[in-house]
Every structure is written in C-alpha cells, then in structure tokens.
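First up is the structure itself, then whatever we jot down about it.
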Amino acid sequence: MKQVEIVTTAILLAWVVVVIMLERRFPYRKGLPFFREGFWTDLVLYTIVQSFLLKIIIFDYIILPLDQHFSFSKLNFVTGWPVWVQVLFFLFTHDFYIYWFHRWQHHSPMLWRTHEAHHSGKQVDWLAGSRSHAVEILINQTIEFAPIILLGADPVVVPIKALIDAVWGIWIHSNVDVKSGRLQYFFNGPEMHLWHHADHKEVFHANFSTKFAFWDWIFGTAYLPGHKPQKWGLYYDFPKDYFMQHVFSVKRFDDRELQRRYPFYRRYHLFLPVLGRRLRTLVKRRGAGSTPAVPTDTNPSRVSA
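Here the sequence shown stands for residues 45 to 349, numbered as in the working numbering.
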C-alpha cells in the first residue's frame, strides 16, 4: 500500500511538470503568467492545507466511524472483483454522481454558495481546479471515497482513484490549447471545461462533466462553439482571500468597504501581496542559483513566453 502511494504521488508530480510545459508551449490563453493572481492561495491554502485537513476529517471522523458502527466493509460486496474493475466501477459511478451534483450546484442558490469559489479565478490554469469551497470538498469526497471503503474494495483503489481525479482535474483546467476531435464526445478536456469557467451567460448551465464528456452530450448540456471565450471568472466581485471567500459564502459583504472601515483588515490585505512577492523572489533566487547565468536577451524563458 505504501509503495502504491509513493508511485501515485510520483506520477502526479510528473504529470504536473508535463502540463506546465504544455501550458508554456501551447497556451490556450497567451500571456497568462505562471505566478498569476491567487497562485499562492490555491497552492498553499487550497491544495496543501485544506486538502490535508479535510482528508483527516473525511477518512478518520466520517468514513471510519461509519464503518466501525455498521461494519459494511465486512460484507465484502466488491472484494472479489479484480482491482481494475473496482477502479472503473467507482470511477464511472462517482462521475455520474458528480455530473448531477455539479449541475444542481449551478441551479440551486444555496449550493451555488459552496461552488462559486471554484469559478472565481479569472486566470484559469493547471492549479485552478484546486480552488473549491471546503464544504463542497467535504460532500464530494465523502461520497466518493465512502463507498470504496464501505463496500470492501481493495485498499489500493483509494490512491489509484485519487490519482485519476487529480490528473484529470489538472488536465481539464490547464491552459493548454488542444483539440480532441471525436474524443471530446467521450472524454472531457480543456476545450470544453475552460468554456465552463468562462464569464459567458451561455455556459453558466453547460459543460458540467468532469471526466466523461458524454454526460453533457447525453443530457443536453454540452457547449462547444468554434471560438474561444473572451473572459473568465464571476460576473460579480468576489474576495481574493481564502478565509474571506468562505465567509462570503455565508454572508455577503463588500470587501473594499470592509477595508475602508476596518484598518486591521486593510493592513491584512496589504500584507498578503508583500508576502507573495517575497515568496516569488525566493523561488527565483533558488532557481537562479541552481542554473548558470545567461544574457538577458537569450534567456530561454523569455523566448518561450
């Protein structure tokens, strides 16, 4: 089991590198900076901190007590199935669920509050998919992983399924200009999902699929015109801070008005960009220290950008 987790982690990191390279080489939206607005919020708070904490809550405080109380996993409903069949079964059933729940979120004012953060980024890239409200992740990942454990699946199904989810989530949000042809009728990719994140009225109720695009084509919610969207994100103002994004989902407020009225809140907002600049400077210095210096106008990074 430990070896499987190491292998899946290595595959995920390798995939991140590949997608970043594809974004630099074949950008869907040219000029998108690597350290775009909200990069550190998405990487540190959403991807690392929130994922770590919610994993503990979901597995240790929800799924485990359920299994200990009802002993569902001892019934071994799917234990005798081959691992690859188990993976496909949970992949397919969860994707069917996520299509309808995702669609419901866009139609329900209450559930939209748990999903709007995911649509708030105006610069969508490989990391943008990590921006999801804690309640949304709590619901979806509990429904995703609880059946795997409670139905007695092989333990390796959990990291394998998690890897597939992460790889696909990175891919469909990536800033990569790709044409899938007829495959787009079956498997979801950036060309459809980047439209889903566009600030265009025609796609607010379209392109809900995550992995299997045929859900959208079957249920009449597919949208794939022959041109690219002009803008992304929400049509209304949304807080840029992780904590205030969660507060905003409960109680609407004017972020600029709060900064005007409360000096401590204004200082907090001024501190965040300074911290971000220092982190970027630290990354650049480490990168420069590990590679030979080159003349400015022959820098490969500038050429590729």
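Built from N, CA and C at the ideal position, the CB exists for glycine as well.
| Item | Value |
| --- | --- |
| Residues of its chain near His244, where Cβ-Cβ distance is below 6 Å and the 5 sequence neighbours each way are ignored | Pro273 |
| Nearest-angstrom Cα separation, counted from Tyr306 out to His249 | 38 Å |
| Sequence-distant residues of the same chain with beta carbon closer than 8 Å to His163, five excluded per side | His241, Gly277 and Leu278 |
| Whole alpha helix (DSSP H) elements within the region 247 to 293, 4-residue minimum | 258 to 262 and 286 to 292 |
| Cβ-Cβ distance between Tyr286 and Tyr105 below 8 Å | no |
| Candidates Arg296, Ser174, Pro283 and Ile192, of which the one nearest Phe121 by Cα | Ile192 |
| Enclosing alpha helix (DSSP H) for Ile92 [first to last residue] | Counting along the chain, Ile92 falls outside any alpha helix (DSSP H), and DSSP gives it neither H nor E. |
| C-alpha gap between Asp198 and His177, whole angstroms | 29 Å |
| C-alpha gap between Leu182 and Arg157, whole angstroms | 14 Å |
| DSSP-derived helix/strand/coil call for Pro126 | coil |
| Rounded straight-line distance, which links the Cα of Ile50 to that of Asp260 | 34 Å |
| Bridge partners - Val220, DSSP secondary structure assignment | Pro71 |
| Counted within 10 angstroms of its Cβ, other Cβ atoms place His217 as buried (16 or more) or exposed | buried |
| Simplified DSSP assignment, three categories, for Phe79 | coil |
| According to DSSP, residues forming a beta bridge with Ala242 | Trp276 |
| Pairwise C-alpha distance: Gln167 and Val347 | Confidence is the limiting factor: at Val347 the pLDDT is only 35, short of 50, which leaves the residue's position unreliable and the question unanswerable from this model. |
| Contact under 8 Å by Cβ, Val201 with Val131 | yes |
| Contact check, Phe83 vs Leu171, beta carbons under 8 Å | yes |
| Exposure of Arg175, with buried meaning 16 or more beta-carbon neighbours within 10 Å | buried |
| Cα-Cα separation, Trp128 to Ala206 | 14 Å |
| Rounded straight-line distance, which links the Cα of Leu56 to that of Val211 | 6 Å |
| Residue burial classification, Leu135 (beta-carbon count within 10 angstroms, cutoff 16) | buried |
| Whole-angstrom distance between Gln94 and Gly233, CA atom to CA atom | 25 Å |
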